[in-house]
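Working notes, beginning with the structure itself.
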Amino acid sequence: MSAKLELLSQNLQKHLGDRTTKMWCALGEVSIDVEASGYLETMVLLRDEPELRFEQLIDLCGIDYSTYGCDGWQGKRFAVVSHLTSITHNWRLRVRCFASSDEFPSVPSVVSIWNSANWFEREAFDLFGIVFPGHPDLRRLLTDYGFIGHPFRKDFPVSGYVEMRYDPEQRRVVYQPVTIEPREITPRIVREENYGDVENG
Amino acid sequence: MADIQNYTLNFGPQHPAAHGVLRMVLELDGEVVQRADPHIGFLHRATEKLAEGKTWIQSVPYMDRLDYMSMMCSEHAYCLAIERMVGVEVPLRAKYIRVLFDEITRILNHLLWIGAQGLDVGAMTMMLYAMREREDLVDCYEAVTGTRWHAAYYRPGGVYRDLPDSMPKYKESKWKNGAHLKKLNEARSGTFLDFLEDFVKRFPKNLDDYETLLTDNRIWKQRLVNVGVVSPERALQLGFTGPMLRGCGIPWDLRKKQPYAVYDRLDFDIPVGVTGDCYDRYLVRVNEMRQSNRILQQCIDWLRANPGPVISNNHKVSPPLRADMKSNMEELIHHFKLCTEGIHVPEGQVYSAVEHPKGEFGIYAVSDGANKPYRLKIRSPGYVHLSAMDELVRGHMIADVVTMVGTIDIVFGEIDR
Chain A
1 MSAKLELLSQ NLQKHLGDRT TKMWCALGEV SIDVEASGYL ETMVLLRDEP ELRFEQLIDL
61 CGIDYSTYGC DGWQGKRFAV VSHLTSITHN WRLRVRCFAS SDEFPSVPSV VSIWNSANWF
121 EREAFDLFGI VFPGHPDLRR LLTDYGFIGH PFRKDFPVSG YVEMRYDPEQ RRVVYQPVTI
181 EPREITPRIV REENYGDVEN G
Chain B
202 MADIQNYTLN FGPQHPAAHG VLRMVLELDG EVVQRADPHI GFLHRATEKL AEGKTWIQSV
262 PYMDRLDYMS MMCSEHAYCL AIERMVGVEV PLRAKYIRVL FDEITRILNH LLWIGAQGLD
322 VGAMTMMLYA MREREDLVDC YEAVTGTRWH AAYYRPGGVY RDLPDSMPKY KESKWKNGAH
382 LKKLNEARSG TFLDFLEDFV KRFPKNLDDY ETLLTDNRIW KQRLVNVGVV SPERALQLGF
442 TGPMLRGCGI PWDLRKKQPY AVYDRLDFDI PVGVTGDCYD RYLVRVNEMR QSNRILQQCI
502 DWLRANPGPV ISNNHKVSPP LRADMKSNME ELIHHFKLCT EGIHVPEGQV YSAVEHPKGE
562 FGIYAVSDGA NKPYRLKIRS PGYVHLSAMD ELVRGHMIAD VVTMVGTIDI VFGEIDR
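Protein chains in written order, with our numbering: chain A, 1 to 201; chain B, 202 to 618.
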């Protein structure tokens, strides 16, 4: 771990204390887990504290963990992951916040802290159905007008449920159930730890 | 007196100045824009969802189709993400080739941008000049990868193949013959690097020509100076990166600040603006082309002197040589496993960002140890810049909307993903 990451971890430890439920450093990046209840205060602290100073929210996205790993995911289903950047200190941080309810996932909006979160949160709402209380204008963004469902959830098929075509009789575009058969070309495989290791296998 | 109310104007999705399929609902008071509401998603292909159903390597060509004006830069971010998670070492020559093509791509992108911005504000000639120079660079793409746009050239562990020793030449035809043909083929007589060097030598003069045409042009300045001013504080709040941020005077360039590939070995400067208006962003981009040209020259010199492998020999990531595969059992097995099952990426998550011509392009990849990504998030710069559209155009005249669409350099492939 480089000196810079060491310093960042120390500063995080010092200022966030037990606001984080988990903090780890992997592949040269620091990540923290935050509870939804203390999410907003932590984010304000991350932005305003001079020893952290994350001026920019670079990215925010939703994740659906329901099919994670080979033996099923035990924890909460939906999470919101943000990537913060500090121009002053030239470091980055990943903040993950799990939504407490799986049926009605909701995570406080950070638009008032970083305005760049606006469309990212609209996108996460559109694709995952995560609601962001406090967002000024939470509408669908990427999907079709009048779209039903949240397409990036793991239980939503890649081919979707409806397709559209031009109907010459009605002389307009109509929606109909999809005619595509779902198929998987390469199966998804999670190998055991020392698979293919001739010496120790 | 009649009660005059605001009225709403629908701009796009089919409009020549919309740079693709942007639909914008503009609320106007006379000619002044009160509110802009961009509607995006007309080109949404759910690349991230599709990637979840494919092996890691099968998504490389998708990266070209995100920002189809700067193809290889997106591939770079994606390959970096896989390499960091797997922990594979990329040969130095491959890194130089990647930087070479990243900078070719940056010039390609900025040339198209300068042409399109010219068209947007009524300078038709610029497009023709820009396309002339792009032709040579696109030929470079073609010589190396066989395609002029969607290259799929970067691979996890390196690049697909080494630079070619010869350039394709023009053939004699009814239109190209005699002295003209000889002149056309002159630069193509040597290696790929000779051809590129010929371009690098010519290009600063071309840039001077563009600047003669635009920089002090009265109409150009009337359309761009003090239009769309963004303060540095707002730029950070709105998540701006790349030329949009540097135009406000913040010298933030990932190639310098968080170097990847071999940018830390190269000598170049970061141009920054002062006022943060469209004109400053124009100056920044033109200067970036000059800097890219410098980097190209340094890469050419290094690549001439240092032959070597261009892809990692870790066969868990990159396929073995065809000849080895036919004579060696182990290589055959590696090839079979790699082509049927794909790369197994260890469990973890990574965010890898590159300085894309438009700003910070990031790939956030989550792997649960399978041969496919569990979640892939593409952080595209244009998306964030477009989300600030409302703030940029508020209070401006309707004609400036087009300037603003041009200045943030949007390409819908990356915005809608």
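Ideal placement from N, C-alpha and C gives every residue a C-beta, glycine not left out.
- Taking a Cβ-Cβ threshold of 7 Å, the residues of chain B close to Q56(A) are L437 and G440, in chain order.
- Within the stretch 121-151 of chain A, the residues whose Cβ lies closer than 7 Å to any Cβ of chain B are, in chain order, L141, L142, T143 and P151.
- I564(B) is bridged by DSSP to S553(B) and I579(B).
- Taking the CA atoms as reference points, I185(A) sits about 9 Å from G254(B).
- Contact residues of the stretch 488-519 of chain B toward chain A are K517 (C-beta to C-beta distance below 9 Å).
- Among the residues facing chain B, C61(A) is included, as its CB has a counterpart in that chain under 8 Å away.
- In the three-state DSSP reduction, V430(B) falls in the coil class, being neither helix nor strand.
- Bridge pairing for Q56(A): T85(A) [DSSP].
- Rounded to whole angstroms, the Cβ separation of P177(A) and V162(A) is 6 Å, and the two are in contact under 8 Å.
- Nearest neighbour of D601(B) by Cα position, chosen from D478(B), K370(B), Q259(B) and R299(B), turns out to be D478(B).
- Proximity of chain A to R580(B) at the Cβ level (cut-off 7 Å) is accounted for by I58 and D59, in chain order.
- At a cut-off of 8 Å between beta carbons, L227(B) makes no contact with chain A.
- Here the C-alpha atom of K154(A) lies approximately 42 Å from the C-alpha atom of S493(B).
- Residue-level contact by beta carbon holds for G69(A) and chain B, with a gap shorter than 8 Å.
- One thing to note: S588(B) has its Cβ within 8 Å of the Cβ of W119(A).
- In the DSSP assignment, S9(A) falls outside any beta strand (DSSP E) and lies within the alpha helix (DSSP H) extending over A3 to L16.
- Those residues of the stretch 248-262 of chain B placed with their C-beta closer than 9 Å to a C-beta in chain A are E249, K250, L251, E253, G254, K255, T256 and Q259, ordered along the chain.
- Within the stretch 452-465 of chain B, W453, K458 and Q459 place their CB atoms closer than 9 Å to a CB of chain A, listed in sequence order.
- For L93(A), the three-state secondary structure derived from DSSP is strand.
- Secondary structure of L439(B) (DSSP, three-state): coil.
- The contact set of Y552(B) on chain A, defined by CB atoms closer than 8 Å, consists of E29, D59, H83, R92 and R94 in chain order.
- In this structure, Y355(B) places its C-beta atom within 8 Å of the C-beta atom of H277(B).
- When rounded, the separation of the alpha-carbon atoms in L313(B) and T326(B) is 13 Å.
- In the three-state reduction of the DSSP assignment, S390(B) falls in the helix class.
- A Cβ-Cβ separation of about 5 Å places L227(B) in contact with L210(B) under the 8 Å criterion.
- When DSSP reads this structure, Y175(A) sits in a beta bridge with M164(A).
- Within 9 Å of the CB of N194(A), no CB atom of chain B is found; the nearest one sits about 12 Å away.
- Counting the other Cβ atoms within 10 Å of the Cβ of S528(B) gives fewer than 16, which makes it exposed.
- Along the length of the stretch 89-148 of chain A, whole alpha helix (DSSP H) runs at least 4 residues long occupy 117-128, reported in chain order.
- Q74(A) counts as exposed, since fewer than 16 other beta carbons sit within 10 angstroms of its beta carbon.
- Taking a beta-carbon distance threshold of 8 Å, E181(A) does not count as an interface residue toward chain B.
- For F212(B), the enclosing beta strand (DSSP E) stretches over residues Y208 to F212.
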